[in-house]
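Structure, as structure tokens:
Here it is in structure tokens:
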């Protein structure tokens with residue numbers, strides 16, 4: 042229907058933003074970091090640890106968690122990352138006008154890997170996209186990307202799962218911060234969706 046069509050259009054536009062527009066961006070102007078680097082990843086993972094796990098009183102082994110964070114970070118840093126990473130590419134930041142998508146809220150954008158933004162859209166908790174539709178959108182994305190650059194599908198999908206993981210953890214940190222710390226309980230309604238995605 043109309044919603045599926047809007048998602049497909051947005052996903053076709055995403056490589057244009059990441060690859061074509063990414064070639065013209067002065068990444069030194071990006072705030073607070075020029076790239077989605079080790080420091081950016083550490084901030085996201087610590088956001089999850091301190092604002093979700095600790096505030097929800099989830100027991101965990103601190104050193105083992107840090108070991109896992111380090112292993113995940115080392116893997117993510119191996120992904121090709123010379124593109125524009127939109128950073129908050131999710132349904133509520135895609136406006137539809139005359140059946141065409143218009144994109145907002147990319148002020149956290151920086152240099153980074155392609156997989157993060159697609160993961161952000163597909164595991165947007167409240168959107169609760171069916172798995173088969175997610176698979177369809179991945180195919181639509183890869184077709185659009187292949188028109189702009191060579192694509193190693195196996196490599197892309199291998200990194201995609203790991204970027205999906207860090208995006209979910211970052212989102213859970215945000216739900217914890219808004220829900221537990223700022224006491225806005227409606228943010229906690231997204232947690233079951235995020236856990237299912239996890």
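Numbering (our numbering), first residue to last: 42 to 239. The C-beta atom is built at its ideal place from N, Cα and C for all residues, glycine as well. As the structure is a prediction and not an experimental result, all values here were calculated from the model.
- prompt: Do residue 156 and residue 125 have their C-beta atoms closer together than 8 angstroms?
  reply: Taking C-beta atoms as the reference points, residue 156 and residue 125 fail to come closer than 8 angstroms.
message: Between the alpha carbons of residue 219 and residue 210, how many angstroms are there, rounded?
response: If you draw a straight line from the Cα of residue 219 to the Cα of residue 210, it is about 14 angstroms long.
field: For residue 141: DSSP bridge partner residues
entry: Beta-bridge pairing links residue 141 to 138.
For residue 68: DSSP bridge partner residues: Bridge partners of residue 68: none, in fact.
task: Please check the pair residue 53 and residue 181, which I expect to be a contact at CB under 8 angstroms, by giving their CB distance rounded to whole angstroms.
output: Confirmed, about 6 angstroms.
task: Give me whichever residues DSSP pairs with residue 153 in a beta bridge.
output: Residue 153 is bridged to 124.
- request: Report all residues from its chain with a CB closer than 6 angstroms to the CB of residue 159; omit the five preceding and five following residues, and keep chain order.
  value: The beta carbon of residue 159 lies closer than 6 angstroms to those of 182 in the same chain, with the five residues before and after it left out.
- request: Compare the C-alpha of residue 149 against each of 64, 85 and 216 and name the closest.
  value: Of the listed residues, the one whose Cα sits closest to residue 149 is 85.
message: In the DSSP output, what is residue 79 paired with across the bridge?
response: DSSP lists no partner for residue 79.
- prompt: Do you know whose CA, among 197, 137 and 201, lies nearest residue 48's CA?
  reply: Distances from the alpha-carbon of residue 48 to those of 197, 137 and 201 put 137 closest.
Cβ pair residue 208, residue 132 closer than 8 angstroms: Contact flag unset, no.
- request: Enumerate in chain order the residues of its own chain whose CB-to-CB distance from residue 51 is below 6 angstroms, with the five nearest sequence positions on each side excluded.
  value: Result list for residue 51: 135 and 142, in chain order.
message: Going by DSSP in three states, residue 158 sits in which element: helix, strand or coil?
response: DSSP places residue 158 within a helical segment (H, G or I) once states are collapsed to three.
- prompt: Looking at C-alpha atoms only, which residue of 45, 123 and 107 is the closest neighbour of residue 59?
  reply: Measuring from the Cα of residue 59, the nearest candidate turns out to be 123.
query: Candidates 144, 228, 213 and 225: which alpha carbon is nearest residue 235's?
result: Out of 144, 228, 213 and 225, 213 has the C-alpha closest to the C-alpha of residue 235.
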